[in-house]
Amino acid sequence: MATDSWALAVDEQEAAVKSMSSLQIKEEKVKADTNGVIKTSTTAEKTEEEEKEDRAAQSLLNKLIRSNLVDNTNQVEVLQRDPTSPLYSVKSFEELRLKPQLLQGVYAMGFNRPSKIQENALPMMLAEPPQNLIAQSQSGTGKTAAFVLAMLSRVEPSDRHPQCLCLSGFFAFGFGACPVIESVGQEHVFSTVDRGQKISEQIVIGTPGTVLDWCSKLKFIDPKKIKVFVLDEADVMIATQGHQDQSIRIQRMLPRNCQMLLFSATFEDSVWKFAQKVVPDPNIIKLKREEETLDTIKQYYVVCNNREEKFQALCNLYGAITIAQAMIFCHTRKTAGWLAAELSKEGHQVALLSGEMMVEQRAAVIERFREGKEKVLVTTNVCARGIDVEQVSVVINFDLPVDKDGNPDNETYLHRIGRTGRFGKRGLAVNMVDSKHSMNILNRIQEHFNKKIERLDTDDLDEIEKIAN
């Protein structure tokens, strides 16, 4: 059959993730009851907007594909609770005067020097008396190691009862703080606790529902003895039903001198309101927004009447210019699947990434694409953010990004075409326009970024060749 090569590529992708298949993390709507038990309800066809809202899955995807620290170029902005106190940052872990075993554990994890978030956050988290902190930090920036150091530094080893609480979403287990505690703490061994078992461990990591149950109903944890309270990935937390209210209820049980630390990848209004309820009198670390720069990216649009004409325009592009690797963004899974199959028929090495795939499958597909095993990645918005592939020279918006109300999603547009033009190289972005509405969306995107997007005639081979020079 004509689709055999695409089917073979999918088989190879699935084979690449067999070692992780036991995780069985599905792309479904997630609900957690008060015992931390996950209940799911599957939806048939998700739109791009719904996929974008699945922050827990995106968080886990970032953890899976980032084995090393990200070289983050963002500058940090520090807002101190007391603006008159001196502002400290560190350039080495020795400056923190950690316990010898903790310093040894840090180096054992491969940290040679503090990351940007660690430079500013660690002096605040390790200060005496303890200071509260709200910090913005993405996966891969070293924030987990930072709050693990804070917890381990406060623990009194001779006291065999819970002293630190870390609340995290369901997906964080196995990929978040637990292995970091084992690596940094060295003598601290991670173990799971069954219902009814007495807790003598000093650090407890769990979902809000389970921890609330253990504090209030079962009395396994005495909240008045907690020294450090960490809420990790707050943006994921408030997107999960019940977690926000449960976290606030736990916080209200804690002593006034308990250190409160909250981390979030984003600071939307909903996250900020939640953070202010949970963390009193905080120091605040924010990432300064990078300038929206499109200077290294040539932008064009192609006028079509339907998806078949879009596909033909895409084929004309490939026939006229050399494309190392390309990412093609679609609005729905259905369109992405159709396009991947059609491109495969034309002999292209195609990878497909969409929301119905398990998160570990997505990670394996991205790794294959990074390694160059496929030259074209067709995807919905699950791949819009945080994924750098140096060889990507062209980004195609097969469908322009819109929000749930049908308005231009300018931030997503920036993230999408930002996959090219990276590392100082020039990139190419081509937008497919197939209606008056999508033309209006394109014009509003131009106005927002104050950057003209030139029209491209893909039937004119000479014109196509010029854009590659």
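Take the sequence shown: its position 27, counted from the start at 1, is 133 in this note's numbering, and no numbers get skipped.
All C-beta atoms, glycine included, are put in the ideal place defined by N, C-alpha and C.
Since we're looking at a predicted model, the values are computed, not measured.
- For A251, there is no enclosing beta strand (DSSP E); the residue is part of the alpha helix (DSSP H) that begins and ends at K249 to R260.
- R522 counts as buried, since no fewer than 16 other beta carbons sit within 10 angstroms of its beta carbon.
- Per DSSP, the continuous beta strand (DSSP E) segment holding K404 begins and ends at I403 to V409.
- Between the alpha carbons of N503 and E452 lies a gap of roughly 19 Å.
- Look at C272 here: in three-state DSSP terms it is strand.
- For the 7 Å CB-CB criterion, N389 and Q552 do not form a contact.
- In the three-state scheme derived from DSSP, where H, G and I count as helix and E and B as strand, P329 is classed as helix.
- Looking at the backbone, the Cα of I391 and that of L337 are separated by about 15 Å.
- Collapsing the DSSP output to three states places L360 in coil.
- Separation of the CB atoms of S460 and T485 is rounded to 7 Å, and the pair is thereby assigned contact status at 8 Å.
- Here S450 is buried, its C-beta having at least 16 other C-beta atoms within 10 Å.
- As the crow flies, the alpha-carbon of V500 is around 31 Å from that of V342.
- Of the other Cβ atoms in all chains shown, fewer than 16 fall within 10 Å of the Cβ of A430; this residue is therefore exposed.
- Per the C-alpha coordinates, the member of A426, Q242, L202 and P314 positioned closest to T372 is Q242.
- Within the DSSP bridge table, the entry for F435 names T485 and N503 as partners.
- If you draw a 10 Å sphere on the C-beta of L567, you find fewer than 16 other C-beta atoms in it, and that means exposed.
- The stretch 402-409 and the stretch 532-543 touch, with no fewer than 3 CB-CB distances between them shorter than 8 Å.
- Cβ contact annotation for S198 (same chain, cutoff 8 Å, sequence separation greater than five): R219 and P220, in chain order.
- The C-beta distance from D265 to Q308 rounds to 7 Å, short enough to meet the 8 Å contact threshold.
- Contiguous beta strand (DSSP E) elements confined to the stretch 422-467 occur at 431-435 and 456-459, taking only those with 3 or more residues.
- Within the DSSP bridge table, the entry for V184 names I391 as partners.
- K205 and S259 have their alpha carbons spaced roughly 8 Å apart.
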